[in-house]
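Contents: one structure, followed by commentary.
Protein chains: 2
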Amino acid sequence: MPPRRQRILGFLQEFYLENGIPPTVRDIQKACDISSTSVVDYNLDKLEQAGYINRRPDVARGIKILDQDGQPVSNAPRVQIVGAIAAGIPIPAWSTEASESSQEFDTVEVAPELQRQHGTLFALRVKGTSMIDALIDDGDVVIIKPSNTVNNGETVVAWLKEEEETTLKKFYAEGSQVRLQPANSTMDPIYCAADNVEVRGKVVSVIRQLGKNL
Amino acid sequence: MPPRRQRILGFLQEFYLENGIPPTVRDIQKACDISSTSVVDYNLDKLEQAGYINRRPDVARGIKILDQDGQPVSNAPRVQIVGAIAAGIPIPAWSTEASESSQEFDTVEVAPELQRQHGTLFALRVKGTSMIDALIDDGDVVIIKPSNTVNNGETVVAWLKEEEETTLKKFYAEGSQVRLQPANSTMDPIYCAADNVEVRGKVVSVIRQLGKNL
DNA sequence: CTGTTTTCAGAACATTTGTTTCTTATGTAA
DNA sequence: TTACATAAGAAACAAATGTTCTGAAAACAG
Chain U
1 MPPRRQRILG FLQEFYLENG IPPTVRDIQK ACDISSTSVV DYNLDKLEQA GYINRRPDVA
61 RGIKILDQDG QPVSNAPRVQ IVGAIAAGIP IPAWSTEASE SSQEFDTVEV APELQRQHGT
121 LFALRVKGTS MIDALIDDGD VVIIKPSNTV NNGETVVAWL KEEEETTLKK FYAEGSQVRL
181 QPANSTMDPI YCAADNVEVR GKVVSVIRQL GKNL
Chain F
215 MPPRRQRILG FLQEFYLENG IPPTVRDIQK ACDISSTSVV DYNLDKLEQA GYINRRPDVA
275 RGIKILDQDG QPVSNAPRVQ IVGAIAAGIP IPAWSTEASE SSQEFDTVEV APELQRQHGT
335 LFALRVKGTS MIDALIDDGD VVIIKPSNTV NNGETVVAWL KEEEETTLKK FYAEGSQVRL
395 QPANSTMDPI YCAADNVEVR GKVVSVIRQL GKNL
C-alpha cells in the first residue's frame with residue numbers, strides 16, 4: 001500500500017475516534033497534505049476496493065471504517081493487548097509513550113469512563129489458571145493502568161523478583177513487608193519483603209468472554 | 215420535555231448507533247414526521263441548551279449526543295443491566311422483545327462481536343460473593359444471552375427451584391440428573407434433578423471494574 | 001526507450017445540508 | 001380578552017461537501 005494511502009487510512013481511524021464522525025474529503029486533504037480533493041477521492045476508492053472502508057455515495061461524511069471481518073468499527077476507545085501474563089513469565093515491556101504501531105496488537109474495547117478516569121491504559125491476556133485466586137481465569141483480559149505507586153487495597157500487577165513470578169493481588173504495605181492478598185477470600189495472603197516486589201500497574205478492569213474455547 | 219423533542223432525541227441515539235454517523239436535519243425531519251427543517255433546528259437548539267446534545271456549527275452531521283456527565287457517547291453497542299443477581303433472589307423478569315424504556319436502566323458497553331454473534335443480550339449485576347466459585351465477584355456485571363436450551367459445558371444462569379437459589383455454573387446434562395460445575399477447579403460440582411433446574415440464559419461475558427469501591 | 005498503468009493536480013460542478021427569515025399557531029398568565 | 005413566550009411551518013439562502021472532467025507526472029513492465 002502506498003504511504004499516502006496508509007496515511008489516509010490512519011487519519012480516518014484517528015479522526016473518527018477523536019470526533020465521533022468521519023472526516024470529509026477536505027479534512028483528509030488538509031491533514032494529509034494533499035493538493036486536490038480528487039486525489040483523496042481516488043485513494044478512498046482504492047481503500048474501498050481493498051475492503052478497508054465503505055463509502056456511502058452522496059452522503060456527507062459517509063465513510064465507514066471496517067475491521068478485518070468487514071464489519072464497521074465503533075468509535076469506542078480501545079486499548080492494546082500488549083502481551084500475555086502468567087505466573088513465571090516476566091511482564092512484557094511497555095513503553096509509556098503512546099505506541100504507534102497500531103496494527104501490531106490485538107485490542108479490546110473499554111468503557112469510555114475508564115479511559116477518561118485513568119488515562120492511558122494497556123491490557124494483558126492471562127495465560128493459565130495461576131491467577132485463579134484473584135478471580136481471574138485462563139483467557140481473561142486484564143486492563144491495566146501503568147503506575148509505580150499504588151495505594152493500599154488496590155489490585156496490582158506485581159513481579160516477585162525472587163520467585164520470578166508475575167501475580168495479580170491486592171496490595172498492602174505493612175512496614176518493610178508487603179502483604180499480597182488474593183481477591184478470593186478462601187485463599188490465604190502472601191507476605192514478602194518490600195524490595196522483592198516490583199509494582200507495574202493497577203488492574204482497573206477484567207474482561208472475560210466465554211464460549212470461545214468450547 | 216415535549217413529546218416531539220423526546221422523539222427527536224430518541225431518534226438521534228438510534229440513528230447514531232445504527233449508522234455510526236449522526237443524522238442530518240432532514241433525516242430527523244423525515245423520521246419524526248416534521249414538516250420543516252426549521253422546526254428540527256429549533257428543537258435541536260433546545261436540546262443543546264438542555265445539555266442533551268452538542269452541535270458543531272457549519273459542520274455536516276455535527277451533532278454529538280451527550281451522556282449524563284456531558285460526555286459524548288460512542289456508537290458501541292450497549293446492553294441494559296436489567297437487575298441484580300444473587301444466590302437466594304429470583305432472576306429478574308426479562309421480556310425477549312426489545313425493551314423500549316431506554317433510559318430506565320443502566321447500560322454497559324459490550325464488544326460489537328458479542329452482539330453480532332449472539333443477538334439480543336442483557337446484563338445483570340452480581341450482588342454478594344455467592345458466585346465466587348464461578349470466578350465472579352461482588353459487583354461484577356455478567357452479560358447474558360437469553361436461552362432455554364444450552365449445550366453441555368456452557369456456563370448458564372440457573373434457578374434451582376427447591377433451593378430457591380440463583381447460580382452461575384457450567385451445565386452438564388447427565389441423564390435425568392444435571393451436574394453444575396463451578397468454573398473454579400478447586401470447588402466441587404453440584405448434582406441435582408433435571409426438573410429442579412430452570413435455565414434462563416448463557417453467560418457470554420463477564421466485566422469487572424475495580425477501584426470503584428475503594 | 002516505449003507503452004501502459006497508477007497516481008496526482010487543478011478546477012469546476014452538483015448535491016447535500018446547516019442556517020436564516022418571515023409567518024402562523026399554540027399555550028399560559030395577568 | 002390581551003400580552004407574551006414557546007412552538008411549528010414554509011420557503012429561500014449559503015456554506016459544506018461529494019463528484020467529475022481533463023490532463024500531467026510518476027512508476028513500471030516490456
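Listed in order, the protein sequences are those of chains U and F. Going by the working numbering, the residue at position 205 of the first sequence is 205; the numbering climbs one at a time, nothing skipped. Here the working numbering runs 214 ahead of the position in the second sequence, where the first position is 1. The beta carbon of each residue, even a glycine, is placed where N, CA and C say it ideally should be. The structure displayed is predicted, hence computed values, not measured ones.
Residue pairing from DSSP places U/Pro72 in a beta bridge opposite U/Leu66. Pairing F/Ala408 with U/Leu124, the inter-Cα distance amounts to about 39 Å. A residue is called buried when at least 16 other Cβ atoms come within 10 angstroms of its Cβ; U/Glu174 does not meet this threshold and is exposed.
With its beta carbon at least 7 Å from every one in chain U, F/Gly302 lies outside the interface. Our two residues, U/Asp188 and U/Thr155, have alpha carbons roughly 15 Å apart in a direct line.
Counting only residues of its own chain and dropping the five nearest sequence neighbours on each side, F/Thr381 has a CB closer than 6 Å to the CB of Ala372. Boundaries for F/Ile222: no beta strand (DSSP E) harbours it, while the alpha helix (DSSP H) harbouring it runs Pro217 to Asn233, taken from the DSSP string.
Contacts between F/Pro360 and chain U, judged by CB atoms closer than 7 Å, are missing: the closest CB pair is about 14 Å apart. Per DSSP, U/Ile144 is one residue of the beta strand (DSSP E) stretching across Val141 to Pro146. The alpha-carbon separation between F/Glu262 and F/Tyr256 amounts to approximately 10 Å. Interface annotation, F/Val392: not in contact with chain U, CB-CB separation never under 7 Å. For F/Val324, the three-state secondary structure derived from DSSP is coil.
In the DSSP annotation of this structure, the continuous segment of the alpha helix (DSSP H) that includes F/Ser252 starts and ends at Thr251 to Gln263. In the structure shown, U/Arg208 falls within a strand segment according to DSSP collapsed to helix, strand and coil. Non-local C-beta neighbours of F/Asn366 in its own chain, meaning closer than 7 Å and more than five positions away in sequence, comprise Phe385, Tyr386 and Ala387, ordered along the chain.
Shown here for U/Arg5: same chain residues with a beta carbon closer than 8 Å to its own, the five before and five after excluded, namely Asn43, Lys46 and Leu47 in chain order.
Within the region 21-35 of chain U, contact with chain F at the beta-carbon level (separation under 9 Å) is assigned to Ile21, Pro22 and Thr24.
Proximity of F/Glu262 to chain U, defined by a Cβ-Cβ separation below 7 Å, is not satisfied. Among the residues facing chain U, F/Glu412 is not included, as its CB has no counterpart in that chain under 7 Å away. Taking U/Arg179 as reference, the option from U/Glu164, U/Thr186 and U/Asn196 with the minimal CA-CA separation is U/Asn196. Counting along the chain, the unbroken alpha helix (DSSP H) around U/Ile28 starts and ends at Val25 to Ala31. Taking the Cα positions, F/Asn233 is about 21 Å away from F/Asp272.
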